[in-house]
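Undergrad: Before I ask anything, let me first share the structure, which is written out below as structure tokens.
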Amino acid sequence: MIEFYVSGQTIRFASPTIAANSIDFLQARFYFSGDTWNGYSKWAHFRQGDTVYDINLIEDEIKKDMHLNLSIGSWEMYLTGNMEESRITTMPVVIQVMESGLIDEPLHQIPMTVAEQLDSKASLALEKANDVLEAIESGVLDGKGFQILGYFPDLDTLETEVPEPERGDAYGVGTQAPYDIYVYDGIGQSWINNGTIQGPEGDRGNDGATFIPNVDDYGNLSWINDAGLENPETVNIRGPKGDSGDKGDDGSSPYELAVQEGFSGTEATFNWSLAHIASHAAQHAIGGTDPLTITSEAIENAAVVRNKLADDVKILAFTDLAVAPEVWQEDETYVDYPYRAAVTLEGVTEDFAPSVTFAPEDALENIFAPIAETFSGGVYIYANESPAETVNIPAIVCIPVR
Numbered sequence: 328m329i330e331f332y333v334s335g336q337t338i339r340f341a342s343p344t345i346a347a348n349s350i351d352f353l354q355a356r357f358y359f360s361g362d363t364w365n366g367y368s369k370w371a372h373f374r375q376g377d378t379v380y381d382i383n384l385i386e387d388e389i390k391k392d393m394h395l396n397l398s399i400g401s402w403e404m405y406l407t408g409n410m411e412e413s414r415i416t417t418m419p420v421v422i423q424v425m426e427s428g429l430i431d432e433p434l435h436q437i438p439m440t441v442a443e444q445l446d447s448k449a450s451l452a453l454e455k456a457n458d459v460l461e462a463i464e465s466g467v468l469d470g471k472g473f474q475i476l477g478y479f480p481d482l483d484t485l486e487t488e489v490p491e492p493e494r495g496d497a498y499g500v501g502t503q504a505p506y507d508i509y510v511y512d513g514i515g516q517s518w519i520n521n522g523t524i525q526g527p528e529g530d531r532g533n534d535g536a537t538f539i540p541n542v543d544d545y546g547n548l549s550w551i552n553d554a555g556l557e558n559p560e561t562v563n564i565r566g567p568k569g570d571s572g573d574k575g576d577d578g579s580s581p582y583e584l585a586v587q588e589g590f591s592g593t594e595a596t597f598n599w600s601l602a603h604i605a606s607h608a609a610q611h612a613i614g615g616t617d618p619l620t621i622t623s624e625a626i627e628n629a630a631v632v633r634n635k636l637a638d639d640v641k642i643l644a645f646t647d648l649a650v651a652p653e654v655w656q657e658d659e660t661y662v663d664y665p666y667r668a669a670v671t672l673e674g675v676t677e678d679f680a681p682s683v684t685f686a687p688e689d690a691l692e693n694i695f696a697p698i699a700e701t702f703s704g705g706v707y708i709y710a711n712e713s714p715a716e717t718v719n720i721p722a723i724v725c726i727p728v729r
């Protein structure tokens with residue numbers, strides 16, 4: 328038996344020593360890996376000089392009656408496959424046939440031609456089809472196909488329980504799957520064990536990988552896994568910004584709210600107090616100046632009397648500031664307030680603490696952050712959206728930080 332192993336268009340083979348002058352003795356079996364050759368009609372070609380033998384494989388084999396009788400010398404063997412308009416070929420391999428002790432006998436019967444082989448296969452197929460048709464017409468076959476009629480623990484029980492079987496009856500025998508399938512041979516009047524129709528259970532496969540998703544504050548979806556596999560690409564799943572809602576009813580002004588809570592001064596007094604909360608608090612802080620002495624008359628007249636003010640403390644106050652829409656830029660300093668505007672203020676450095684007083688209508692919108700920062704030359708303010716119109720700021724007070 329010559330064994331050929333076919334992978335794609337490559338052939339390897341293993342065979343015992345082949346001696347010339349044998350007749351109808353050689354056989355060959357072909358093993359095809361993968362599915363490359365599936366669906367192809369397969370032909371084996373043996374070539375020595377100008378002599379080429381073409382043999383159509385049956386069930387991937389060359390049988391004895393196909394007359395593979397090779398003479399002494401080197402033979403090249405290769406395969407071809409045909410399927411409609413498609414054809415596949417292989418590289419050739421060399422088979423050595425050694426001299427035998429019988430040197431005077433004629434070598435062999437030449438294999439059938441391609442046409443003869445095709446005609447033989449067609450005749451065989453027609454013969455089998457006629458046999459099946461005859462069996463159906465005679466009632467031997469009912470056309471229902473193969474059926475397992477029942478199961479028994481052993482052959483003795485099957486023979487006892489089915490004393491008059493019909494040709495082709497099939498039963499499973501055994502105590503658990505996979506069962507041996509016994510088919511009744513009507514000619515030999517006996518049960519034939521055809522083996523199992525279920526293969527053994529395969530090995531347990533490896534556990535799959537677990538992929539864990541993560542979404543950051545900016546809507547980026549990324550993955551990690553516990554098997555070292557390549558992760559899917561990071562994608563952003565944040566949707567587009569929604570439309571602004573309808574503007575709510577105007578609320579009470581800070582002054583009106585203060586009056587509701589018991590404030591009895593004038594609106595001018597109240598607004599002045601708001602503008603100077605930061606400077607007043609800084610004077611009470613550690614290292615600050617003495618508290619301001621404030622009376623209602625002094626506030627009304629915008630006159631503030633200090634008991635004592637440190638010589639090196641210089642508070643910078645700026646009023647009536649306008650911040651244009653184009654000044655606002657995207658910024659990542661504060662996640663909840665991703666837009667920042669730089670307000671230029673002369674004399675301000677990073678050593679100042681800022682206090683920004685927004686107009687009451689702007690403050691009530693809750694757009695602006697409750698925190699600001701100084702830089703060399705001004706103050707940064709933050710918002711949770713980019714204002715579409717100019718923002719007017721009544722006052723910014725910057726107090727030196729000691």
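Letter by letter, the sequence shown follows residues 328 to 729 of this note's numbering.
Just so you know, even glycine gets a beta-carbon here, dropped at the ideal spot from N, CA and C.
Keep in mind that this is a model prediction, so the values were computed, not measured.
Could you check what DSSP says for Glu303 in three-state terms: helix, strand or coil?
TA: Because the chain spans 328 through 729 in this model, residue 303 falls outside it and cannot be assessed.
Undergrad: Can you tell me whether Phe331 is buried or exposed, with buried defined as 16 or more other CB within 10 angstroms of its CB?
TA: buried
Undergrad: In angstroms, rounded to a whole number, what distance separates the CA positions of Tyr358 and Met328?
TA: 13 Å
Undergrad: Going by DSSP, what residue range makes up the alpha helix (DSSP H) through Val489?
TA: From DSSP, Val489 is part of no alpha helix (DSSP H); its letter is neither H nor E.
Undergrad: Give the straight-line distance between the Cα atoms of Ser368 and Asn541, rounded to the nearest whole angstrom.
TA: If I take the Cα positions, the gap works out to 53 Å.
Undergrad: Determine the direct distance from the alpha carbon of Asn552 to that of Tyr707, and round the result to whole angstroms.
TA: A direct Cα-Cα distance of roughly 42 Å separates Tyr707 from Asn552.
Undergrad: For Gln587, which of helix, strand or coil comes out of DSSP?
TA: helix
Undergrad: Where Pro490 and Gly522 are concerned, what is the direct C-alpha to C-alpha distance, given to the nearest angstrom?
TA: Each residue's Cα considered, the two are about 22 Å apart.
Undergrad: Nearest to Thr717 by alpha carbon, out of Leu672, Ile726 and Ala649?
TA: Ala649
Undergrad: How long is the line joining the alpha carbons of Lys635 and Lys641, rounded to whole angstroms?
TA: Annotation note: pLDDT 41 at Lys635 (below 50); position unreliable, coordinate value reported separately. So the alpha carbons of these two residues sit roughly 13 Å apart.
Undergrad: Beta-carbon separation of Gly477 and Tyr509 under 7 Å?
TA: Going by C-beta atoms, Gly477 is not nearer than 7 Å to Tyr509.
Undergrad: Since Ala699 is in the beta strand (DSSP E), which residue starts that stretch and which ends it?
TA: Phe695 to Phe702
Undergrad: Can you check which of these residues, Gly704, Leu353 and Pro681, is closest to Ser342 by C-alpha distance?
TA: Leu353
Undergrad: From Leu584 to Thr537, what distance separates their C-alpha atoms?
TA: 57 Å
Undergrad: Do Ala595 and Val724 have their CB atoms nearer than 7 Å?
TA: no
Undergrad: Which of the three DSSP states is assigned to Phe473 in this structure?
TA: coil
Undergrad: Take Tyr582 and list the residues in its own chain whose beta-carbon comes closer than 6 Å to its own, dropping the five residues that flank it on each side.
TA: Glu594 and Phe597
Undergrad: Going by CA-CA distance only, name the one from Ala680, Gly704, Phe473 and Ala686 that's closest to Val670.
TA: The shortest Cα separation from Val670 among Ala680, Gly704, Phe473 and Ala686 belongs to Gly704.
Undergrad: Please classify Phe695: is it buried, with 16 or more other beta-carbons within 10 angstroms of its beta-carbon, or exposed?
TA: buried
Undergrad: Please determine whether the Cβ atom of Trp518 lies at a distance below 6 Å from any heavy atom of the ligand HEM.
TA: In the structure on display, the ligand HEM does not appear, and there are no ligands present to speak of.
Undergrad: Considering only their Cβ atoms, is the gap separating Ala347 from Val424 smaller than 7 Å?
TA: Result yes, Cβ atoms of Val424 and Ala347 sit closer than 7 Å.
Undergrad: Go ahead and label Thr620 buried or exposed: buried means 16 or more other beta carbons lie within 10 angstroms of its beta carbon, across all protein chains shown.
TA: Because the pLDDT at Thr620 is just 47, under 50, the model does not fix this residue reliably, and the point stays unresolved.
Undergrad: Less than 7 Å separating the beta-carbons of Tyr666 and Ala710?
TA: yes
Undergrad: Only counting the same chain, and skipping five residues up and downstream in sequence, which positions put a Cβ closer than 6 Å to that of Asp387?
TA: Phe357
Undergrad: CB Asn383 to CB Trp402, shorter than 7 Å?
TA: no
Undergrad: Taking the C-alpha atoms as reference points, what is the distance between Glu493 and Leu485?
TA: 13 Å
Undergrad: Quick check on this structure: which residue in Asn719, Gly674, Ala668 and Ile389 has the alpha carbon closest to the alpha carbon of Thr684?
TA: Residue nearest to Thr684 within the set Asn719, Gly674, Ala668 and Ile389 is Asn719 (criterion: CA-CA distance).
Undergrad: Can you tell me whether DSSP reads Trp655 as helix, strand or coil?
TA: coil
Undergrad: Starting from Glu330, trace the beta strand (DSSP E) in both directions and tell me its first and last residue.
TA: Ile329 to Ser334
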